[in-house]
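K.L.:
Taking the numbering used here, I'd label the letters of the sequence shown as residues 6 to 212.
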Amino acid sequence: MPLKTTASSVKKPHLIAGVDEVGRGPLAGSVVAAAVVLNPKKPIDGLLDSKLLDEAKREVLDKLIRRQALSYCIAEASVSEIDQLNILHASMLAMQRAIAGLTVEPNLVLVDGNRCPEMIYPCQAIVKGDQHVQAISAASIIAKVYRDRQMVELHKKHPEFGFDRHKGYPTAQHRAAIMQFGVTSLHRQSFAPVRNALMAKKDTTSA
């Protein structure tokens, strides 16, 4: 279910929703998207692409965005949806869910990247939008904080994979752990390193 909140449910003119996703590249975990409508009367200093901020700064900004935005929604597409649809379409689905969860209707949606998901609002895709559009930056920050926390929680259940450190990305440590401990339901079987690990196990078992 999407996680959403709002400070106002009244439609206001000239409101922009920024949308971004986090987690396309990892071998494990869901892909998370966020949509944010900032409050023009409550500007937030320091909004940048989440990848350009350290964890402590992201945590501070995450609280400010959640408290001061007119509306935000965080949504995701599951591992099974990623494997069924592919990561691109699953990312689009997560963004659609985030936009649909907004309680303030935007006049325009700006999406980081080079394509927009289908929606009822006018939409524009902006390459590197998370570095140039504050609403997109805000979306990237709260999406990353949410997903990072999610992976830390998954680490508690599967500490052997080190999810708290690499957040599911295909580091050498994560690849080695997959080969040693096997593939879990948290892993994206449509991704080549995971699929190859499954095939290698099958070959070993049948040998």
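Glycine included, C-beta positions come from ideal geometry on N, C-alpha and C.
Predicted, not measured: the structure shown is a model, and the values here were computed from it.
Which residues mark the beginning and the end of the alpha helix (DSSP H) in which Gly23 is found?
P.N.:
Working through the sequence shown from its first residue, we reach residue 23 at position 18. Element bounds for Gly23: not the alpha helix (DSSP H) but the beta strand (DSSP E), Ile21 to Val27.
K.L.:
Could you tell me if Met6 is buried or exposed, where buried requires 16 or more neighbouring beta carbons within 10 angstroms of its beta carbon?
P.N.:
As a position in the sequence shown, residue 6 is number 1, starting the count at 1. For Met6, the pLDDT reaches just 47, beneath the cut-off of 50, and the residue's location in the model is therefore unreliable, although a value from the coordinates is still provided. The residue is exposed, with fewer than 16 neighbouring Cβ atoms inside 10 Å.
K.L.:
Looking at Pro198: is its Cβ nearer than 8 Å to the Cβ of Arg170?
P.N.:
For the purposes of this step, residue 198 is taken as the residue at position 193 of the sequence shown. For the purposes of this step, residue 170 is taken as the residue at position 165 of the sequence shown. No, the pair does not count as a contact, with Cβ atoms beyond the cut-off.
K.L.:
Figure out for me which residue from His160, Leu203 and Gly173 has the closest Cα to the Cα of Met184.
P.N.:
Sequence index remark: in the sequence shown, residue 184 carries index 179 (1-based). Comparing Cα-Cα distances from Met184 to each of His160, Leu203 and Gly173, the minimum goes to Leu203.
K.L.:
Should Lys162 be labelled buried (16 or more other beta-carbon atoms within 10 Å of its own) or exposed?
P.N.:
Taking the first residue of the sequence shown as 1, we reach residue 162 at position 157. So Lys162 ends up on the exposed side.
K.L.:
Looking only at C-alpha atoms, which of Asp54, Ala38, Arg71 and Ala22 sits nearest to His94?
P.N.:
Here residue 94 refers to the residue found at position 89 of the sequence shown. For the residues Asp54, Ala38, Arg71 and Ala22, the minimum Cα distance to His94 belongs to Ala38.
K.L.:
Please state whether DSSP places Ser14 in a helix, a strand or coil.
P.N.:
Counting from one through the sequence shown, the residue named residue 14 turns up at place 9. Low confidence applies to Ser14: its pLDDT is 41, below 50, so where it sits in the model is not reliable enough to give any reading.
K.L.:
Kindly indicate the opening and closing residues of the beta strand (DSSP E) around Tyr77.
P.N.:
For the purposes of this step, residue 77 is taken as residue 72 along the sequence shown, with counting starting at 1. Segment Ser76 to Ala82, the beta strand (DSSP E) holding Tyr77.
K.L.:
List the DSSP bridge partners of Ala38.
P.N.:
Along the sequence shown, one-based indexing puts residue 38 at 33. Partner(s): Glu26 and Ala80.
K.L.:
Which one or two residues does DSSP pair with Cys128 in a beta bridge?
P.N.:
Counting from 1 along the sequence shown, the entry for residue 128 is found at position 123. Answer by DSSP bridge pairing, in chain order: Val114.
K.L.:
Assign His192 to one of three DSSP states: helix, strand, or coil.
P.N.:
The residue given as residue 192 occupies position 187 in the sequence shown. Of the three classes helix, strand and coil, the one that applies to His192 here is strand, per DSSP.
K.L.:
Taking Cβ to Cβ, would you say Ile21 is nearer than 8 Å to Leu115?
P.N.:
For this step, residue 21 is matched to residue 16 along the sequence shown. For this step, residue 115 is matched to residue 110 along the sequence shown. In contact: Ile21 and Leu115 (Cβ atoms closer than 8 Å).
K.L.:
Determine the direct distance from the alpha carbon of Ser35 to that of Ala130, and round the result to whole angstroms.
P.N.:
Within the sequence shown, residue 130 is the residue found at index 125, counting from 1. Within the sequence shown, residue 35 is the residue found at index 30, counting from 1. Looking at the two C-alpha atoms, the distance is approximately 22 Å.
K.L.:
Tell me Ala181's beta-bridge partners as DSSP assigns them.
P.N.:
Translated into the one-based positions of the sequence shown, residue 181 becomes position 176. Bridge partners of Ala181: none, in fact.
K.L.:
Evaluate Arg63 with the Cβ neighbour count: other Cβ atoms within 10 Å of its Cβ, from every protein chain shown; 16 or more gives buried, anything less gives exposed.
P.N.:
Residue 63 sits at position 58 when you count from the first residue of the sequence shown. When all chains shown are included, Arg63 counts as buried.
K.L.:
Which stretch, first to last residue, makes up the alpha helix (DSSP H) that contains Val65?
P.N.:
Position 60 of the sequence shown, counted from the start, is the residue given in the question as residue 65. Residues Glu60 to Gln73.
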